[in-house]
Amino acid sequence: MTTVERADTASSAVGTPVLAVRDLSVSFTTEGGTVSAVDRVSLELAPGEIVGMVGESGCGKSVTAMSIAGLLPDSARISGSVRLEGTELVGTREPVLRRVRGKEIAYIFQEPMTSLNPVLTVGRQIGEVLRVHERMSRRAARARAVELLSLVGIPSAGKRVDNYPHQLSGGMRQRVMIAMAVACGPKVLVADEPTTALDVTVQAGILQVLRDLRDRLGTAILIITHDLGVIADIADRVVVMYAGRVVERAPVTDLFAHPHHRYTAGLLSASPTPGVHAGTQRLQEIPGLVPVLSTQPDACTFADRCPAADATCRESAPPLAAVGAAVTHHLAACWHPCPAPRTESPEATP
Amino acid sequence: MTPQPNALELEDLVMHFGPVRAVDGVSLTIPRGRVTALVGESGSGKSTVGRCVVRLEKPTAGAVRIAGTDVTHLSRRQLRRHRSDVSIVFQDPAGSLDPRMLVGEIVAEPLRLSGRRMSRRDREARIATELGKVGLRAEVARRYPHELSGGQRQRVSIARALISGPKLLIADEPTSALDVSVQASVLNLLADLQRDIGFACLFITHDLSAVEYLADDIAVMYLGQLVEKGSREQIFTRPAHPYTQALLAAAPVADPIRQRQRQPVLLGDDLPSALDPPSGCRFRTRCPLAFDRCAAEVPAQVAVGGGMAACHLVQPDGTRPDVRAAGTSEVLS
Ligand SMILES: Nc1ncnc2c1ncn2[C@@H]1O[C@H](COP(=O)(O)OP(=O)(O)OP(=O)(O)O)[C@@H](O)[C@H]1O
Ligand SMILES: Nc1ncnc2c1ncn2[C@@H]1O[C@H](COP(=O)(O)OP(=O)(O)OP(=O)(O)O)[C@@H](O)[C@H]1O
Ligand code: SF4
Ligand SMILES: [Mg+2]
Ligand SMILES: [Mg+2]
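As they're listed, the protein sequences go chains A and B. Under full-length UniProt numbering, the first sequence has 250 at position 250, and the numbering climbs by one with no breaks. Under full-length UniProt numbering, the second sequence has 117 at position 117, and the numbering climbs by one with no breaks.
Shown next, in the form of C-alpha cells:
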C-alpha cells in the first residue's frame, strides 16, 4: 500500500474513532437572550488516543465536553451528532445516557468541589459508582475505593476514604474525581482541566496516571487544559477552539512547530516561559476581547483581533480546511493561514 | 519618624483542624506595596494561610498583623469593619460566588457593604469599568454565575476583590483556571494595578512560572511549613531547597519535542499526609537526596542569599544540593 490517503476535512483521526462528534452546536436561553456557546464543532477520538483541547476561557470547551454525554442543563439547545462506537447519543433518553456515563464515558471536572457531593464521604461516592455500574457489594466497593484512592496517589487512603470533600485540599479532591472516573475502566475519559489545581510535581504524576490508563486499557482521552506545557507533554493531537468554533486541529508536534491560525500562534507566544519574564518584560497578550458569538454568525470570529483580517474575513466564516502538507492532517479555519513557523505571532507581524 | 508598618506579618502561624496539621509554624513578612508569592504543593496549607489572614479560619496559634495591627483575635466581622482594605480572591470561584446574585450585584457588593451611596447609573458604569478591566464585557453583569465559564467566573471574583481598592490583596490561585492568554492579561492587569494602586499582595499559586513576572519575593511551602524563602531572582536562578528545584524542573515546557526529551524529575509518589507528617524533614519521603539525618533531625532554617532554606544539605556558606544530579532511577523508585 503506497498511496497516501488524503484525509477529508472532517476526519483526521487515525483508525476507527471510538467517539465522533459531528457539527455539534449548543446554545443557551438566558435572561439576557440566547447565548450561542458552541458552533458546529467536529472532533474524533481513536481508541487509545489522547486529544488535547485548548482555547480561550469561555470559548466552549467545557460545554462541548459536557454535551458529549448529555450533561448540560435543560436551558441548553443541542444539535449535531455524537457517536460512541457508532451509537448516536444526541437525543438519547436520560436513563440510557446515565448508563453510558460513568461506565463508558467518564468525566473529570474543572471544579471538583461542585461535582462532589458535600454530604457523602469520598469512599461512599466512589463506592456508589461501583455499586451501580459493577454491582459490587458495599464491602467490596469500599475496599476497591481505597485501592483506587491510593492508585491516584492519595496518602493514607485507608483513612481518607472516610473524609468528606471539604476536608480535602483542592488537589486531593481532584484526585478523588480521577479515582471515581476510572473506577469502571471507561472507553472514553473526558478530563476537563484535571491538573489545574495541582502543583507541577504532582501534575507530572497525574499525567502519568492518565497515560497508564490509556496504555493499559486503551482508554481514549479528551483532555481540556489551558496549559500548553501539559498539551506538549501528553497529547497526540490538539484541537484549538475559539469563540465556540474549532479554529485549528493538528498532530501535536505539527501544531507547535507550525500554527496556521493566528489565534493559535498568539496563544503559543502568550505562554510564560520560565526565565524570560523576570520582572521586566510584559507577558504577551492577544489584544481585544472574545466576541459574543451570536453577534457575528457570518464572519471569522477572530477577525476583530486578527492582524491579517480583511473584508472576506468579516463577511464569511472560514471553513475548517486542510493546510500545509496533506499527510500531516493539519486543519485550520482561516482565510489567510500563516505560512511560516511560530515566530509569526500576531505581535510579530506588523 | 517611625518606619511604615509592613502590610502583612505572619508570626509562627499554626492552624490545625483536629488531627490535620494544615499550617505548622509559618512566618512571613510582606512589606507595603510588595508582592509575595506563596507557592507549594496541593494540600500544603497555602489556602489555609490565606483564609487565616482574612479570618475565615481562626488560627490555632501565632499572630497575624495587618498594617501593624494585630488582628489575630478579631472576628471576621470586626476585621471587615477595621480593614475594609483587605480583599481575597478565592481559589474556587464557583463556590465563592452567590448563585442567586447577578454578576453585576456580585461585583458591586463590596461597595454596598461599605455603605457607599451611588446612583444606579454611576454604579452600572462602575461595574462595566471593573468588568472591562478584567477583560469581561458589560453584558456579563446581567448573567448568573452558573451561566459563565470557569475562567469568566474567576475574573468576576477578581473584579469584586479589586473594586474597593484594597491595600492588601490575598489572591488564591487567581489565574489557575484561566487560559494562557487571559492569564497573561490578568497577570499584566494585577501588575499594572499593583503599580498604580500599590497594594501589597499575597499571591497563592502552585505555578511558579505564573509568578515570575509579578512576585518580588517567593515563599515555598511544603506540608504546612516554609522550606524556602527568597527574592524572585534568588529562587529562579539559585534555588537552594530540593523541593524548589523539583518544582522548577517539573514545570512542563510548551514544546512537545523538547518536553518529551526532558529528563523528568518525578519525585517519589509517597505523598506524606498532614495527618501524620514524617519525622525530621517533612520532604524526606519524596526527596531523592534524603539520608539518615533527614529522618532524625528537623532541618534548621539556614540563611542563604538574603533568604532562607530548611534542608540539611544547605550550608550557610552557600553550598546547595542539586536534585537533578541525583539521577532519575533513584528519583522514580
Ligand atoms: N448554563 C449556561 N447558561 C448560559 N450560558 C452558558 C452556560 N454554560 C456556559 N455558558 C456560556 O457558554 C460559553 C462557553 O462556556 P464553557 O464553560 O464551555 O467555556 P470554557 O471554554 O470551558 O472556558 P474555561 O476555560 O473558562 O473553563 C461561555 O460564554 C459561557 O458563558
Ligand atoms: N475545614 C477543614 N477541615 C479539615 N481539614 C482541612 C480543612 N481545610 C483544609 N484542611 C486540610 O488542610 C490541609 C491544607 O489544605 P489547603 O486547602 O490549605 O491546601 P492548599 O495548599 O491550598 O492546597 P491546594 O493547592 O490543593 O488548594 C489539607 O490537608 C486539607 O485537607
Ligand atoms: S533535609 Fe534531607 S530530605 Fe529534607 S530536603 Fe534536605 S536532603 Fe532532602
Ligand atoms: Mg471550562
Ligand atoms: Mg488551595
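Backbone N, C-alpha and C fix where the C-beta goes; we use that ideal spot for every residue, glycine too.
Going by alpha carbons, who is nearest to residue i out of the options?
i: A:Gln125; options: A:Glu94, A:Glu88 and A:Arg173; result: A:Arg173
i: A:Gln167; options: B:Val54, B:Arg32, B:Asp192 and B:Gly18; result: B:Gly18
i: B:Val302; options: B:Gln152, B:Leu226 and B:Asp179; result: B:Leu226
i: B:Gly151; options: B:Ile127, B:Val35, B:Ser209 and B:Ser185; result: B:Ser185
i: A:Trp335; options: A:Asp310, A:Gly324 and A:His329; result: A:Asp310
i: A:Leu213; options: A:Ile234, A:Val26 and A:Pro118; result: A:Ile234
i: B:Thr60; options: B:Gly25, B:Arg76 and B:Asp85; result: B:Gly25
i: B:Glu228; options: B:Leu56, B:Ser176 and B:Leu28; result: B:Leu28
i: B:Gln259; options: A:Val252, A:Thr264 and A:His258; result: A:Val252
i: A:Ala250; options: A:Leu89, A:Asp192, A:Leu151 and A:Glu44; result: A:Glu44
i: B:Pro110; options: B:Val220, B:Arg160 and B:Ile170; result: B:Arg160
i: B:Leu131; options: B:Arg112, B:Ala108, B:Arg117 and B:Glu147; result: B:Ala108
i: B:Leu148; options: A:Gln284, A:Leu151, A:Val190 and A:Val63; result: A:Val63
i: A:Val323; options: A:Asp199, A:Cys338, A:Pro95 and A:Gly102; result: A:Cys338
For residue i, is the classification buried or exposed, using 16 other Cβ atoms within 10 angstroms of its Cβ as the cut-off for buried?
i: B:Pro252; result: buried
i: A:Val51; result: buried
i: A:Asn163; result: buried
i: B:Met308; result: buried
i: B:Met15; result: buried
i: A:Ala321; result: exposed
i: B:Asp317; result: exposed
i: A:His329; result: buried
i: A:Asp23; result: exposed
i: B:Ala7; result: buried
i: B:Leu332; result: Residue placement at B:Leu332 cannot be trusted, given a pLDDT of 30 that sits under 50; the coordinates are not used to answer.
i: A:Ala278; result: Residue confidence for A:Ala278 is low, a pLDDT of 45 falling below 50, so the modelled location carries little weight; the figure read from the coordinates is stated next. A:Ala278 comes out exposed.
i: A:Ile105; result: buried
i: B:Ile257; result: exposed
i: B:Ser157; result: buried
i: B:Glu9; result: buried
i: A:Ala183; result: buried
i: A:His258; result: buried
i: A:Thr2; result: Only weak support is given to the placement of A:Thr2: the predicted model assigns it a pLDDT of 35, under 50, and the question is left unresolved by the model.
i: B:Asp12; result: exposed
Between residue i and residue j, which are expected to be in contact by the criterion C-beta below 8 Å, what is the C-beta distance as a whole number of angstroms?
i: A:Met53; j: A:Leu222; result: 6 Å
i: B:Leu39; j: B:His241; result: Correcting the residue type first, residue 39 of chain B is Val in the shown sequence and not Leu. About 11 Å separates the two Cβ atoms, so there is no contact after all.
i: A:Leu268; j: A:Leu228; result: 7 Å
i: B:Gln183; j: B:Ala210; result: 7 Å
i: B:Leu202; j: B:Thr36; result: 6 Å
i: A:Glu56; j: B:Asp179; result: 5 Å
i: A:Leu116; j: A:Pro165; result: 4 Å
i: A:Ala181; j: A:Ile108; result: 5 Å
Flag residue i as yes when its Cβ comes closer than 7 Å to any non-hydrogen atom of ligand 2, and as no otherwise.
i: A:Gly205; result: no
i: A:His329; result: no
i: A:Gly123; result: no
i: A:Met172; result: yes
Under 7 Å: does the beta carbon of residue i sit that close to some heavy atom of ligand 6?
i: B:Lys46; result: Of the ligands one can find in the structure shown, namely ligand 1, ligand 2, ligand 3, ligand 4 and ligand 5, none is ligand 6.
Please confirm whether any heavy atom of ligand 4 lies closer than 7 Å to the CB of residue i.
i: A:Gly52; result: no
i: A:Asp227; result: no
i: A:Lys61; result: yes
Among residues of its own chain, excluding the 5 on either side of residue i, which ones have a beta-carbon nearer than 7 Å to its beta-carbon?
i: A:Leu217; result: Gly185
i: B:Gly198; result: Gly33
i: B:Ser47; result: Gln91, Asp172 and Ile204
In chain order, what residues of the same chain lie with their CB nearer than 6 Å to the CB of residue i, ignoring the 5 residues before and after it?
i: A:Leu255; result: Val238
i: A:Ser79; result: Ser25
i: A:His261; result: Val247, Glu248, Ala332 and Cys334
Apart from the five residues on each side of it in sequence, which residues of its chain come closer than 8 Å, Cβ to Cβ, to residue i?
i: B:Arg143; result: Leu102 and Val103
i: B:Ala325; result: none
i: A:Leu84; result: Val18, Leu19, Val100, Glu104, Ile105, Lys187 and Val188
i: A:Pro118; result: Tyr164, Pro165 and His166
i: A:Leu130; result: Met136, Ala140, Ala141, Arg144, Ala145, Ala183 and Cys184
Between residue i and ligand 1, is the CB less than 7 Å from at least one heavy atom?
i: B:Ala246; result: no
i: B:Gln152; result: yes
i: A:Glu31; result: no
i: A:Val35; result: yes
Less than 7 Å between the CB of residue i and some heavy atom of ligand 3, yes or no?
i: A:Leu148; result: no
i: B:Ala184; result: no
So does residue i have its beta carbon nearer than 7 Å to some heavy atom of ligand 5?
i: B:Gln91; result: yes
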